[in-house]
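Working notes for the structure below.
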Amino acid sequence: MSTIEIGLWVTGGLMVMVVLGMRVAFAAGLAGLLGLVWVFWSKRSYDPEMLGWAVGVAVKTAGQVPHSKVSSQALSLIPTFILIGYLAYYAGLTRALFEAAKRWVAWVPGGLAVSTVFATAGFAAVSGASVATAAVFARIGIPEMLKVGYDKRFAAGVVAAGGTLASLIPPSAILVIYAIIVEQDVGKLLLAGFLPGVFSAFVYAALIIGLALTIKGFGPPVTGFTWRQRFAALPPALPIVAVVVIIIFFVYNPFGDAWGTPTEGGAVGAFIVFVMALIHGMRLRELKDALIETAKLSIMIFTIIWGVLIYVRFLGFADLPSAFADWITSLHYSPMLILVCILLAYAVLGMFMDAIGMLLLTLPVVYPAVMALNGGEMVSAADSTFGMSGPMCAVWFGILVVKMAEFCLITPPIGLNCFVVAGVRPDLSVQDVFRGVMPFFIADAVTIALLVSFPAIVLWLPSLA
Amino acid sequence: TEWNVSVWGKRRAFTEHIHKLAELVEEKTDGEFTMNISYGGLSNNRENLDGISIGAFEMAQFCAGYHPDKNRAITVLELPFLGVSNLDEEVAVSHAVYEHPAVAEEMAGWNAMLVMTSPMPQYNIVGTGDPRATLDSFDGMRVRATGGLGEAFAAVGAVPTSMTASEVYQAMESGVIDTAAFAQHAHLSFGTINEADWWTANLNPGTVNCPVVANIDAYEALSDAEKEAFDSSVPEAIDHYLANYGELLDRWDSVLEEKGVEKVMISDEELAEFKSVADPIHDQWIEDMGAQGLPARELYDLVNDTLDEQRASN
Amino acid sequence: MAGQSAVLEDGSTLSRMDRGLEHLERLLAFLSGLGAFALMFLAVISVGGRTFFNQPLPGYVDWIETAMPLIAILGISYVQRQGGHIRMDIVVGKLKGRALWAAEWITTFGILVLIAALVWGSWAHFQRSFDMGAPLWSRDSTIDLGLPIWPAKLIVPVAFSVMCLRLVLQLWGYGRALVLGLEAPVAVPLVQSAAEQAAAEAEQMQGHEQ
Ligand code: NA
Ligand code: NA
């Protein structure tokens with residue numbers, strides 16, 4: 209049996225373990241470990257005397273991965289971004305944002321829903337995780353919308369969809385993970401996420417306004433705020449702007465030298481939010497809770513990372529990624545059709561999997577194939593299939609894949625954001641939220657189609673940097 | 159026989175000798191002995207020695223400066239201002255050191271045997287802003303340089319700043335660092351040359367040493383014909399590497415011109431002063447390594463003697 | 554997102570051991586969180602030093618790399634205790650009674666096999682970097698400062714050993730439930746429907762709101 213066949217068998221076994229409910233990180237790690245044993249033993253022609261040797265080499269090879277793969281400066285962004293999110297609650301940033309958005313934009317048709325979308329977009333600029341964003345705004349946004357007569361299912365849908373913006377608008381843990389898997393510049397990717405994130409917010413807003421104009425009794429505009437009230441709402445929300453500006457200036461300063469690396473930007477942002485939380489009256493006990501929660505979420509993510517990377521190490525020994533890339537490039541379909549098929553495959557996979565696990569699992573195989581499709585990692589824009597250089601294609605594909613992964617957070621049957629929103633509101637079932645979020649599928653499909661057709665939306669900012 | 163070979167990054171001048179070796183070995187054994195070269199699929203670049211020691215793969219490349227404590231003996235080749243001035247000298251010096259019993263013994267601790275070096279030219283610096291041609295101008299300069307090189311720059315008041323190679327371009331663009339020390343091919347592949355205003359043509363502060371090693375058991379398990387094919391191909395592979403890198407160096411001047419990068423020449427007095435600052439680093443190395451039971455003085459002298467011999471023979 | 558567990562407690566030996574181990578696990582998780590907190594200060598010091606004194610923190614990257622295993626791995630057992638490692642519960646969510654406990658026992662056993670192997674593998678990884686005869690016992694060091702790496706590598710087998718204890722306890726808990734046909738056994742994270750899980754998460758968020 210060739211190593212590639214071994215790779216396919218083990219991958220099948222991994223799928224079975226995941227479906228049977230083994231925790232994803234460990235299923236991947238176990239599949240990788242057993243796969244390594246298999247590959248090493250096959251190198252010794254399955255000699256029974258060499259089985260012990262194969263187990264030893266496999267275990268030692270796998271045993272390097274947890275330490276070696278988490279000891280990365282780039283990955284240190286993940287705990288930092290998570291810490292920012294938890295500290296932001298204590299700093300009172302969420303309510304301040306919603307209030308400001310309400311006073312400024314709620315006068316449009318479907319005003320409060322539009323305000324919620326923009327408030328989540330604003331919070332996304334300090335939060336690196338979609339689920340946390342959805343949970344917070346379910347508490348703040350939904351009651352306000354219900355007060356003025358919105359359909360409660362739709363109100364829940366707005367929040368669930370708005371939460372997904374957190375992973376495109378920097379900072380974003382999932383973009384960092386993508387950058388690390390594919391070894392691309394983290395700063396460029398974070399920068400690239402900004403416009404598509406804002407763009408998604410506007411598509412959501414347009415959808416809401418459209419619905420408000422066509423459906424009678426949808427939800428009235430909220431008017432009557434004086435300019436004085438509007439400006440009064442800004443100062444409490446200003447710290448967000450400060451944090452955003454700092455992170456952006458660290459990554460890319462339009463007026464000259466940037467201030468540092470994205471890693472440093474994230475940490476300085478967290479520090480500012482921490483100081484604000486202190487000013488806002490955070491206690492030591494609350495800080496301790498925030499740290500333990502940060503640790504839990506970080507460890508959960510890192511366990512998936514090293515677990516999946518043990519499996520990926522096995523794939524390396526089985527030589528599967530290059531075989532898949534060869535296969536994809538040998539297909540006689542148009543490259544764009546293949547790309548669209550890959551994105552659709554993500555949509556299907558995303559129904560059943562968590563976003564980070566999905567990326568870690570698939571990218572080591574899919575990414576080289578996409579790069580090969582475009583003409584190679586170092587191809588110039590002129591010689592490429594998609595009309596962009598290798599590094600730019602990596603950025604573009606990254607944003608597309610992350611947008612797909614976010615889309616999956618609101619699709620049934622496992623749309624984590626919808627579960628969270630339903631959890632915050634006992635009067636809503638998960639089915640209600642899924643029903644309410646349905647219109648946003650259309651918005652997301654439109655956004656993805658536009659990002660595929662007009663890569664400039666993604667690539668304009670990073671091309672300046 | 160099929161060997162897995164673990165390297166990192168992308169195929170570049172730095173890995174050409176490995177591809178050539180694989181090609182030659184396969185040719186000479188009529189396809190009996192093949193090498194499967196993997197870029198990053200089998201190991202992290204800083205754990206290639208670990209992988210060799212485990213027996214996970216049969217051949218690998220690593221750099222001494224990535225983990226000095228794993229390979230103390232060959233760090234002698236990374237001392238600043240050894241006076242190596244071209245790739246031929248680098249090969250001669252490296253291979254002389256590789257053949258020293260103390261070096262072979264340390265590598266045998268990893269179940270590894272040294273096959274050949276990956277000669278790198280001197281790590282001259284590219285910089286942004288006004289050219290720095292004097293030692294005084296190095297004061298306060300933020301430079302990306304690792305290991306012994308970093309120490310040498312620190313000795314003249316510069317501030318060595320650490321980051322991974324892939325972050326260097328952005329750090330330079332953002333002004334986190336002013337200068338970066340690399341070999342020419344790395345200035346090209348990491349894009350630092352695109353940000354640079356100047357390049358020091360003759361500072362020649364030192365370089366890194368990156369050997370290719372094989373797993374001893376795997377080598378011993380080769381048939382006599384395979385061993386012969388392997389051994390006889392090493393010099394050819396190195397020659398191919400040198401020719402290929404030579405072409406890159408020939409292109410270098412035109413690259414500088416095309417990108418508008420100024421060539422900075424540093425005066426002999428300034429160089430001599432820099433070297434004298436670096437001398438204590440050499441003494442320190444001999445003292446430290448000697449204290450750890452290595453024949454440090456012997457290795458250090460071996461480098462200098464080989465260099466003299468090499469020059470005399472030309 | 555880390556799911557919230559419902560781990561039941563009573564006066565039995567198993568439950569007492571569960572709570573005893575939880576104290577240790579919570580301490581380790583807190584150390585992980587403290588590491589993340591320290592990372593933030595490290596960056597602030599580095600940026601501040603560079604900007605105001607032209608004196609970046611020497612070996613900034615080395616310190617981060619050394620701290621990462623502490624942050625990312627040390628508290629792993631606490632997350633396992635709380636049932637916080639994500640999984641797909643489409644199938645297990647439908648199971649009840651003995652079938653459920655059998656499924657849980659089998660997948661937990663699979664995790665134990667993996668983690669026990671990794672204790673061995675990560676210990677070997679540590680050993681290769683450790684040498685009683687060398688200065689600072691170091692046979693592997695960071696690039697810039699030459700910090701010994703063995704302490705960071707040692708964190709992994711330590712954290713995984715605690716995890717093994719936790720997994721053995723959970724196997725005991727599931728096994729007991731399987732044999733006795735229990736409805737709601739102690740000392741194991743109980744399957745919650747996704748909605749219940751989200752409710753628990755939301756409740757926890759509310760705790761943070763002021
Ligand atoms: Na975000
Ligand atoms: Na989904």
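These protein sequences, in sequence, are chains A, B and C.
Mapping to this note's numbering: the first sequence position 56 is 264, numbers consecutive.
Mapping to this note's numbering: the second sequence position 58 is 216, numbers consecutive.
Mapping to this note's numbering: the third sequence position 122 is 675, numbers consecutive.
All C-beta atoms, glycine included, are put in the ideal place defined by N, C-alpha and C.
- Using a C-beta cut-off of 8 Å, the stretch 343 to 359 of chain A makes no contact with the stretch 446 to 459 of chain A, since fewer than three inter-stretch Cβ pairs fall below that distance.
- For valine 247 of chain A, the closest of A/Thr211, A/Gly229, A/Gly260 and A/Val267 by C-alpha to C-alpha distance is A/Thr211.
- The beta carbons of serine 585 of chain C and valine 715 of chain C sit no closer together than 7 Å.
- Residue environment for tyrosine 254 of chain A: exposed (fewer than 16 other C-beta atoms within 10 angstroms of its C-beta).
- Shown here, glycine 285 of chain B sits in a strand according to DSSP, grouped into three states.
- Leucine 667 of chain A has its alpha-carbon roughly 15 Å from the corresponding atom of threonine 655 of chain A.
- Between the alpha carbons of lysine 396 of chain A and valine 574 of chain A lies a distance of about 21 Å.
- The C-beta of proline 609 of chain C comes closer than 7 Å to at least one C-beta of chain B.
- Using a CB distance below 7 Å, the part of the stretch 689 to 700 of chain C facing chain B consists of Ser691, Arg692, Asp693, Ser694, Ile696, Asp697 and Gly699, ordered along the chain.
- Comparing alpha carbon positions, the residue from A/Phe362, A/Met209 and A/Leu398 closest to alanine 374 of chain A is A/Leu398.
- With a 10 Å radius around the Cβ and a threshold of 16 neighbouring Cβ atoms, aspartate 426 of chain B comes out exposed.
- Neighbours of alanine 687 of chain C across chain B, judged by C-beta separation under 9 Å: Asp227, Arg230 and Gln450.
- At a cut-off of 7 Å between beta-carbon atoms, threonine 365 of chain B makes no contact with chain C.
- Here the stretch 417 to 432 of chain A does not lie against the stretch 507 to 523 of chain A, with fewer than 3 beta-carbon pairs under 8 Å apart.
- Look at the stretch 180 to 209 of chain B: the residues with a C-beta under 9 Å from a C-beta of chain A are Asn194, Ser196, Gly198, Gly199, Leu200, Ser201, Asn202, Arg204, Glu205, Asp208 and Gly209.
- Neighbours of alanine 478 of chain A across chain C, judged by C-beta separation under 8 Å: Met593.
- Minimum Cα-Cα distance from isoleucine 283 of chain B among the listed residues B/Glu331, B/Asn373, B/Thr358 and B/Ser196 corresponds to B/Thr358.
- Closer than 8 Å at the C-beta level to chain B, one finds these residues of the stretch 512 to 528 of chain A: Arg521, Leu523, Gly524, Phe525 and Asp527.
- Under the Cβ distance rule, glycine 674 of chain C counts among the residues neighbouring chain A, one pair being separated by less than 7 Å.
- Taking 7 Å as the cut-off, the beta carbon of alanine 342 of chain A is found no closer than this to the beta carbon of valine 645 of chain A.
- In the three-state reduction of the DSSP assignment, isoleucine 195 of chain B falls in the strand class, which pools E and B.
- Phenylalanine 615 of chain A counts as buried, since at least 16 other C-beta atoms from the protein chains shown sit within 10 angstroms of its C-beta.
- Close partners of glutamate 472 of chain A in chain C (Cβ separation under 7 Å): Ala596, Ser599 and Val600.
- Taking CB atoms only, valine 325 of chain A has no neighbour in chain B less than 7 Å away.
- By the Cβ neighbour-count rule, alanine 414 of chain A is exposed, with fewer than 16 other Cβ atoms within 10 Å of its own.
- Ranked by Cα distance from methionine 271 of chain B, the options B/Met217, B/Thr350 and B/Asn244 are led by B/Met217.
- Put simply, the stretch 280 to 298 of chain A does not touch the stretch 200 to 213 of chain B. Fewer than three CB pairs are less than 8 Å apart.
- Per the C-alpha coordinates, the member of A/Ala266, A/Gly365 and A/Ser530 positioned closest to proline 620 of chain A is A/Gly365.
- Remark: fewer than three beta-carbon pairs, one from each stretch, lie closer than 8 Å, so the stretch 291 to 307 of chain A and the stretch 688 to 699 of chain C are not flagged as touching.
- Sixteen is the threshold: since fewer than 16 other Cβ atoms of the shown chains lie within 10 Å of the Cβ of methionine 544 of chain A, the residue is exposed.
- If you draw a straight line from the Cα of alanine 589 of chain C to the Cα of proline 287 of chain A, it comes to about 6 Å.
- Following the DSSP letters along the chain, one finds tryptophan 315 of chain A in no alpha helix (DSSP H), marked with neither H nor E.
- Using a Cβ-Cβ cut-off of 7 Å, arginine 640 of chain C is close to Gly229, Met230, Arg231 and Val232 of chain A, given in chain order.
- Of all residues in the stretch 371 to 403 of chain B, none has a C-beta nearer than 8 Å to a C-beta of chain A.
- Listed in chain order, the non-local C-beta contacts of phenylalanine 642 of chain A below 6 Å within the same chain comprise Pro620 and Cys626, local neighbours out to five positions each way being set aside.
- Proline 259 of chain B is not bridged by DSSP to any residue.
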